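Asks: Let me give you the structure first, and then I'll get to my questions.
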Amino acid sequence: MKPTETTGPVDVAIVGAGAAGLATAIFAARKLRKRTVVALDGARTLGSKILVSGGGRCNVTNRVVTPADFNGGSRNTTKRVLAAFTTEQTIAFFSEIGVELVEEGGGKLFPTSNTATTVRDALIREVERRGVHILTGRRVSGIERSGEAFLIDTGSGDPLRAACVVLATGGRSLPKTGSDGGGYTLAERLEHSLVPTTPGLVPLVLDGAFHKGLSGIAHDAEVTLAAQGSKPVRTRGPILWTHFGVSGPAVLDISRHWHRARLEHRRATLSASFLPGNDFALAEKHLLDLAASRPKLRLHNAISTFVPDRVAKTIIQELNIHSTTSMIGLRREDRRRLIQALLAWPLPVLDSRGYQHAEITAGGVPLSEVDPSSMASRRCPGLYLVGEILDVDGRIGGFNFQWAWSSAWVAAAGIGKQFGP
Ligand SMILES: Cc1cc2nc3c(=O)[nH]c(=O)nc-3n(C[C@H](O)[C@H](O)[C@H](O)COP(=O)(O)OP(=O)(O)OC[C@H]3O[C@@H](n4cnc5c(N)ncnc54)[C@H](O)[C@@H]3O)c2cc1C
Numbered sequence: 018m019k020p021t022e023t024t025g026p027v028d029v030a031i032v033g034a035g036a037a038g039l040a041t042a043i044f045a046a047r048k049l050r051k052r053t054v055v056a057l058d059g060a061r062t063l064g065s066k067i068l069v070s071g072g073g074r075c076n077v078t079n080r081v082v083t084p085a086d087f088n089g090g091s092r093n094t095t096k097r098v099l100a101a102f103t104t105e106q107t108i109a110f111f112s113e114i115g116v117e118l119v120e121e122g123g124g125k126l127f128p129t130s131n132t133a134t135t136v137r138d139a140l141i142r143e144v145e146r147r148g149v150h151i152l153t154g155r156r157v158s159g160i161e162r163s164g165e166a167f168l169i170d171t172g173s174g175d176p177l178r179a180a181c182v183v184l185a186t187g188g189r190s191l192p193k194t195g196s197d198g199g200g201y202t203l204a205e206r207l208e209h210s211l212v213p214t215t216p217g218l219v220p221l222v223l224d225g226a227f228h229k230g231l232s233g234i235a236h237d238a239e240v241t242l243a244a245q246g247s248k249p250v251r252t253r254g255p256i257l258w259t260h261f262g263v264s265g266p267a268v269l270d271i272s273r274h275w276h277r278a279r280l281e282h283r284r285a286t287l288s289a290s291f292l293p294g295n296d297f298a299l300a301e302k303h304l305l306d307l308a309a310s311r312p313k314l315r316l317h318n319a320i321s322t323f324v325p326d327r328v329a330k331t332i333i334q335e336l337n338i339h340s341t342t343s344m345i346g347l348r349r350e351d352r353r354r355l356i357q358a359l360l361a362w363p364l365p366v367l368d369s370r371g372y373q374h375a376e377i378t379a380g381g382v383p384l385s386e387v388d389p390s391s392m393a394s395r396r397c398p399g400l401y402l403v404g405e406i407l408d409v410d411g412r413i414g415g416f417n418f419q420w421a422w423s424s425a426w427v428a429a430a431g432i433g434k435q436f437g438p
């Protein structure tokens, strides 16, 4: 897309034209028909993160979105913002701009086209149709208050003067898309504070060799993080073994909790139950029944009724149980050791794969510093904050985009009020 030039002061300058910035631009331009709305982005290609989202299919939202699907700042603020622009409104909005959504497992909504390009292109088309000026390749390096207005340093020519500014610069995750954390510095210079950030929805790097031979295998598990000073956190869903460690939804969802514990110097251990929904007694009964009904069954074949065969073999090997053991030949103490291991397999985390591989950033500008009825800054009049720059992060399943759409809607309403009827 060709950058659109603007001259002179503008009414609304949106810094960052990712999901939240593009949506704010559309909603604000629809409300303020006679005002100039400009969206500036440091990246040359708009919406790169939308394009890679949801495995290239963009999980736009979720059928059921509640504050409990989010971590970070105030539940109350999250609730108010989400209630102002719901999943139903998101579905209707995307339909209006030509993107129909279809529901998949876990309530996830994807475009029927099955490609994220449809979502990105539709947003950009609507932004242009509404007369918003988009300036790409304009990384904002400073924003200053100047009387009632703002001066925005875009690294090119004179600063742009704007009556109000929306910070939609995202977090630090996947920095190659343009979200490199620079927005936090802009917010701090405008009197905001920052909850320290960590990667979230990120794969974990494991010590040891257990995972190495299992790379590419996925199966169901319940992952538990036991961290000093807080209740255990549990996530359930597929895990995916990789050459470096472990990934998959259950691991991605828990990763932010592991990072927060490390940030706060709290000792934390991660483990996985390969028998989600089972306890010791149920698992033991299952194995004893198998021993009675099929005494000659090889142990790994019995264990592969719970987990994929290769995982079963590796577990048996790690526990130093002979590979040819049959069910009838399994000693009581080995059976008990095996069940304990299947219920709480240690995942010795060395680190995560970091922001380069994280889907979101946990932490950011505290929600207490924005007004939930307008996303207006409580620290700097005329400034609004939307999307991932704020201290709120959703679990996997379309929740992070819903936060982007909802906060954009609320900010547009706030900006509408600022300019009056
Ligand atoms: C691989 C991946 C897959 C994902 N999949 C999903 C999914 O399927 N569903 C879901 O709900 N969420 C998903 N997410 C999360 C979701 O993409 C983000 O939560 C969402 O994009 C945040 O929107 P945002 O507009 O706040 O920030 P971003 O999308 O990060 O956009 C910020 C924009 O600001 C620009 N910018 C930054 N600093 C400056 C500056 N100083 N000057 C000018 N411009 C600047 C950047 O170039 C960027 O375009 C995924 C994320 C990743 C990385």
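Everything in the sequence shown is counted per my numbering, starting at 18 for the first residue and increasing by one. Every residue, glycine too, gets a C-beta built ideally from N, C-alpha and C. Values in this document were obtained by computation on a predicted structure and should not be read as measured data.
Given 7 angstroms as the limit, tell me if Phe416 has its C-beta closer than that to any heavy atom belonging to ligand 1.
Replies: For this step, residue 416 is matched to residue 399 along the sequence shown. Yes, Cβ of Phe416 sits closer than 7 angstroms to a heavy atom of ligand 1.
Asks: Beta carbon of Glu120: closer than 7 angstroms to some heavy atom of ligand 1?
Replies: Position 103 of the sequence shown, counted from the start, is the residue given in the question as residue 120. For ligand 1, not one heavy atom lies less than 7 angstroms from the Cβ of Glu120.
Asks: State the CB to CB distance for the pair Ile413 and Asp270, rounded to an integer number of angstroms; the pair is presumed to be in contact (CB under 8 angstroms).
Replies: If you number the sequence shown from 1, residue 413 lands on position 396. If you number the sequence shown from 1, residue 270 lands on position 253. So it is a contact: roughly 6 angstroms between Cβ atoms.
Asks: So, Ser272 versus Leu218, is the Cβ gap smaller than 8 angstroms?
Replies: Residue mapping note: residue 272 aligns to position 255 of the sequence shown, counting from 1. Residue mapping note: residue 218 aligns to position 201 of the sequence shown, counting from 1. Contact flag set, yes.
Asks: Roughly how many angstroms separate the alpha carbons of Lys439 and Trp426, rounded to a whole number?
Replies: In the structure displayed, the chain extends from 18 to 438; residue 439 sits before or after that span and is not available.
Asks: Could you round the C-beta distance between Arg315 and Ile234 to whole angstroms and report it? I think they count as a contact, below 8 angstroms.
Replies: The sequence position of residue 315 within the sequence shown is 298, counting from 1. The sequence position of residue 234 within the sequence shown is 217, counting from 1. That belief does not hold up - the Cβ atoms of Arg315 and Ile234 are roughly 19 angstroms apart, past 8 angstroms.
Asks: Look at the Cβ atom of Thr134, then the Cβ atom of Val157, and state whether they are nearer than 8 angstroms.
Replies: The residue labelled residue 134 in the question sits at position 117 within the sequence shown. The residue labelled residue 157 in the question sits at position 140 within the sequence shown. No, they are not a contact pair.
Asks: Ordered along the chain, which non-local residues of its own chain (more than five positions away) have a Cβ less than 8 angstroms from that of Thr342?
Replies: Sequence index remark: in the sequence shown, residue 342 carries index 325 (1-based). Excluding positions up to five away in sequence, the list reads Arg315, Leu316, Ile333, Asp351.
Asks: Go to Phe436, then tell me how far its beta strand (DSSP E) extends in each direction, as first and last residue.
Replies: In the sequence shown, residue 436 corresponds to position 419, counting from 1. Where Phe436 is concerned, there is no enclosing beta strand (DSSP E), although the alpha helix (DSSP H) it sits in stretches over 416–436.
Asks: Can you have a look at Asp410 and say buried or exposed, based on whether 16 or more other CB atoms are within 10 angstroms of its CB?
Replies: In the sequence shown, counting from the first residue as 1, residue 410 sits at position 393. Asp410 comes out buried.
Asks: Bridge partners of Pro363, per DSSP?
Replies: Here the question's residue 363 lines up with position 346 in the sequence shown. DSSP, once it has assigned bridges, lists Ser288 as partnering Pro363.
Asks: Going by CA-CA distance only, name the one from His228, Thr322, Glu143, Ala361 that's closest to Thr286.
Replies: Sequence index remark: in the sequence shown, residue 286 carries index 269 (1-based). Thr286 has its Cα closest to that of Ala361, out of His228, Thr322, Glu143, Ala361.
Asks: DSSP beta-bridge partners for Thr7?
Replies: Residue 7 is absent from the structure shown; the chain starts at 18 and stops at 438.
Asks: Could you tell me which of Phe416, Leu400, Leu118 sits nearest to Cys181, measuring between CA atoms?
Replies: Taking the first residue of the sequence shown as position 1, residue 181 is located at position 164. Of Phe416, Leu400, Leu118, the residue nearest in Cα terms is Leu400.
Asks: Which runs of the alpha helix (DSSP H) spanning at least 4 residues fall entirely within the stretch 326–409, listed in chain order?
Replies: As far as the stretch 326–409 is concerned, its whole alpha helix (DSSP H) runs of at least 4 residues are 326–335, 349–360.
Asks: I'd like to check one pair, Ser394 with Gly431: are the Cβ atoms closer than 8 angstroms?
Replies: Start at 1 with the first residue of the sequence shown, and residue 431 comes out as number 414. Start at 1 with the first residue of the sequence shown, and residue 394 comes out as number 377. No, Cβ-Cβ distance for Gly431 and Ser394 is not below 8 angstroms.
Asks: Return the bridge partner residues of Glu239 from the DSSP annotation.
Replies: For the purposes of this step, residue 239 is taken as the residue at position 222 of the sequence shown. The partner list for Glu239 (beta bridge, DSSP) reads Arg253, Ser290.
Asks: Below 7 angstroms CB to CB, which residues in the same chain sit around Thr94 once its five sequence neighbours on both sides are set aside?
Replies: If you number the sequence shown from 1, residue 94 lands on position 77. Only Leu384, Pro389 meet the Cβ criterion.
Asks: Report the residue ranges of all alpha helix (DSSP H) runs contained in full by the stretch 163–248; include only those spanning at least 4 residues, in chain order.
Replies: Correct list: 199–206.
Asks: What are the start and end residues of the alpha helix (DSSP H) that includes Glu105?
Replies: Locating residue 105 in the sequence shown gives position 88, counting from the first residue. Residues 104–113.
Asks: For the stretch 138–157 against the stretch 39–54, are there 3 or more C-beta pairs whose distance is under 8 angstroms?
Replies: A contact exists between the stretch 138–157 and the stretch 39–54.
Asks: Any idea if Thr202 is buried or exposed, counting beta-carbon neighbours within 10 angstroms, 16 or more meaning buried?
Replies: Counting from one through the sequence shown, the residue named residue 202 turns up at place 185. With fewer than 16 Cβ atoms within 10 Å of its Cβ, Thr202 is classed as exposed.
Asks: Please determine, among Trp422, Thr322, Asp28, Ile256, the residue with the shortest C-alpha to C-alpha distance to Ala179.
Replies: Counted from its first residue, the sequence shown places residue 179 at position 162. Considering only alpha carbons, the answer is Asp28.
Asks: Grouping DSSP H, G and I as helix and E and B as strand, with all else coil, what is Ile413?
Replies: As a position in the sequence shown, residue 413 is number 396, starting the count at 1. Coil at Ile413, not helix or strand.
Asks: Provide the residue span of the alpha helix (DSSP H) that contains Val98, from first to last.
Replies: Taking the first residue of the sequence shown as 1, we reach residue 98 at position 81. Start and end: 92–101.
Asks: What I want to know is whether the C-beta of Asn88 ends up closer than 7 angstroms to one or more non-hydrogen atoms of ligand 1.
Replies: Residue 88 sits at position 71 when you count from the first residue of the sequence shown. Incorrect: Asn88 has no Cβ contact closer than 7 angstroms to ligand 1.
Asks: So does Ile108 have its beta carbon nearer than 7 angstroms to some heavy atom of ligand 1?
Replies: Within the sequence shown, numbered from 1, the residue matching residue 108 stands at position 91. No, since every heavy atom of ligand 1 falls outside the 7 angstroms radius drawn around the Cβ of Ile108.
Asks: Can you find the residues in the same chain that come closer than 6 angstroms, C-beta to C-beta, to Gly195, ignoring five residues on each side of it along the sequence?
Replies: As a first step, residue 195 must be located in the sequence shown, where it is residue number 178. Excluding sequence neighbours, Gly195 sits near Gly59, Ala60.
Asks: Quick one: is Met18 buried, meaning 16 or more other Cβ sit within 10 Å of its Cβ, or exposed?
Replies: In the sequence shown, counting from the first residue as 1, residue 18 sits at position 1. Residue placement at Met18 cannot be trusted, given a pLDDT of 36 that sits under 50; the coordinates are not used to answer.
Asks: Alpha carbon to alpha carbon, how far is Gly198 from Gln419? Give it in angstroms, no decimals.
Replies: Locating residue 419 in the sequence shown gives position 402, counting from the first residue. Locating residue 198 in the sequence shown gives position 181, counting from the first residue. If you take the alpha carbons of Gln419 and Gly198, they lie about 21 angstroms apart.
Asks: Quick one: what's got a C-beta closer than 7 angstroms to Val268's C-beta in the same chain, skipping five residues either side?
Replies: Residue numbering aside, residue 268 sits at position 251 when the sequence shown is read from its first letter. So the list reads Pro220, Leu221, Val240, Ile256, once near-sequence residues are dropped.
Asks: Beta-carbon within less than 7 angstroms of Phe44's beta-carbon, same chain only, minus the 5 sequence neighbours each way: which residues are those?
Replies: Residue mapping note: residue 44 aligns to position 27 of the sequence shown, counting from 1. Here the set comprises Ala425, Trp426, Ala429.
Asks: The beta strand (DSSP E) spanning Asp28 covers which residue range?
Replies: Reading the sequence shown from its first residue, position 11 is the one you call residue 28. Counting along the chain, the beta strand (DSSP E) containing Asp28 begins and ends at 27–32.
Asks: I want to check one thing, is the minimum distance from the CB of Ile377 to the heavy atoms of ligand 1 below 7 angstroms?
Replies: Here residue 377 corresponds to residue number 360 of the sequence shown, with the count starting at 1. It does: the Cβ of Ile377 is within 7 angstroms (strictly closer) of some heavy atom of ligand 1.
Asks: Look up Ser65 in the DSSP assignment and say whether it is helix, strand or coil.
Replies: Your numbering for residue 65 matches position 48 in the sequence shown. Here Ser65 sits in helix by DSSP.
Asks: Report whether the distance from the Cβ of Ser369 to the nearest heavy atom of ligand 1 is below 7 angstroms.
Replies: Taking the sequence shown and counting its residues from 1, one reaches residue 369 at position 352. Checking the Cβ of Ser369 against ligand 1 gives no.
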